[in-house]
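Sequential numbering of the sequence shown, starting at 100, is according to the numbering used here. Every residue, glycine too, gets a C-beta built ideally from N, C-alpha and C. The block underneath contains the structure these notes are about, expressed in structure tokens.
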Amino acid sequence: MSVSEDRTVQPATVPASVSSIADPAPLGLAAFALTTFLLSSKNAGWMTHATGSAWLGFAFAYGGVAQLLAGMWEFRRGNTFGSTAFGTFGAFWIGLALWVELVANPAVAAIRPATAAATVASLNHDLGWITLAFAIVTLYLLVLATQTNVVIFLAFLGLFVTLVILAIGNFNAGSALAPTGTIKVGGYLGLVTALIAFYGSAAGVAAGMGGRLIFPVGKPLIS
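Dropping the structure here:
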């Protein structure tokens, strides 16, 4: 039996693989919100019967690693704003936790009466510079957030004001270990910011589920 030479063999059609990644923003917002809530509760003076360090482990695991991962997944989805925001504040929480473990805690443990005031003042000034630096990053993200939605814009607005108030409070705290009045104000502003971010996370989860329960987030201020 012969095969005709003009017969062509068509290759089998292989469907193109489709890679689908769920929206990582709800995870990033939840990680940011929960860690911010814990630290802001301390700054507001709510943790009078606790160690005040409840936020520290979650700054590594949730606000840090989980938010950083959300930022990397935003890169995969092509969302430059989301990847920059989540990547920046994931690194912020990891860096802040490392500063506490490697700088603040050893310094406090080594405090001597003769140098106590100077040591505490130096630590407060460290925090002032840290919060001021991240306030600068937050400022341009706030401007760009006008192109996202109202909830994200409000979250960045709350965060920016919180960081500025905390910077002022820490620069003026001097040798005080307990939260001063200005830092307490920053704590309350941080709590409001955390609640807005929690709402944004819930809205993102609801949108991803595609069900009837929808949380409005508002239109972009600048489109």
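Using a 10 angstroms sphere on the CB of glutamate 200, the tally of other CB atoms stays under 16, which defines it as exposed.
Pairing glycine 144 with serine 119, the inter-Cα distance amounts to about 44 Å. Cβ-Cβ distances below 6 Å link valine 263 to Ala234 in the same chain, with the five nearest sequence neighbours on each side left out; the list follows chain order. By the neighbour-count criterion, in which a residue is buried when 16 or more other Cβ atoms sit within 10 angstroms of its Cβ, serine 300 is buried. In the three-state scheme derived from DSSP, where H, G and I count as helix and E and B as strand, glycine 280 is classed as helix. Residue environment: glycine 280 is assigned as exposed (fewer than 16 neighbouring CB atoms within 10 Å of its CB, all protein chains considered).
Here the C-alpha atom of alanine 149 lies approximately 11 Å from the C-alpha atom of serine 140. DSSP places phenylalanine 191 in the helix class (H, G or I) of the three-state scheme. Spatial neighbours of leucine 312 in its own chain (CB-CB distance under 6 Å, excluding positions within 5 residues in sequence) are listed in chain order as Ala305. In this structure, alanine 302 and valine 250 form a Cβ contact; the two beta carbons are roughly 6 Å apart against a cut-off of 8 Å. Isoleucine 295 has its alpha-carbon roughly 21 Å from the corresponding atom of leucine 168. Annotated three-state conformation of threonine 261 is helix, per DSSP. For arginine 176, the CB contacts under 7 Å within the same chain, skipping 5 residues up- and downstream, are Ile120 in chain order. The distance from the Cβ of asparagine 269 to that of threonine 230 is about 6 Å, consistent with a contact at the 8 Å cut-off.
Apart from the 5 residues on each side of it in sequence, tryptophan 198 sits with its Cβ closer than 8 Å to the Cβ of Asp225, Ile229 in its chain, given in chain order. Annotation for serine 221: the continuous alpha helix (DSSP H) segment containing it runs 215 to 243. Here asparagine 248 carries a coil assignment [DSSP, helix/strand/coil]. DSSP, read as helix, strand or coil, puts leucine 167 in helix. Burial state of alanine 158 is buried, judged by a 10 Å Cβ sphere holding 16 or more other Cβ atoms. Beta-carbon to beta-carbon, alanine 272 and asparagine 223 are separated by about 4 Å, close enough to satisfy the 8 Å threshold. In its chain, beyond the 5 residues on either side, Thr237, Thr292 have a beta carbon closer than 6 Å to the beta carbon of leucine 258. By the Cβ neighbour-count rule, tyrosine 239 is exposed, with fewer than 16 other Cβ atoms within 10 Å of its own. The shortest C-alpha to C-alpha distance from alanine 232 to any of Gly194, Phe252, Ala217 is the one to Gly194.
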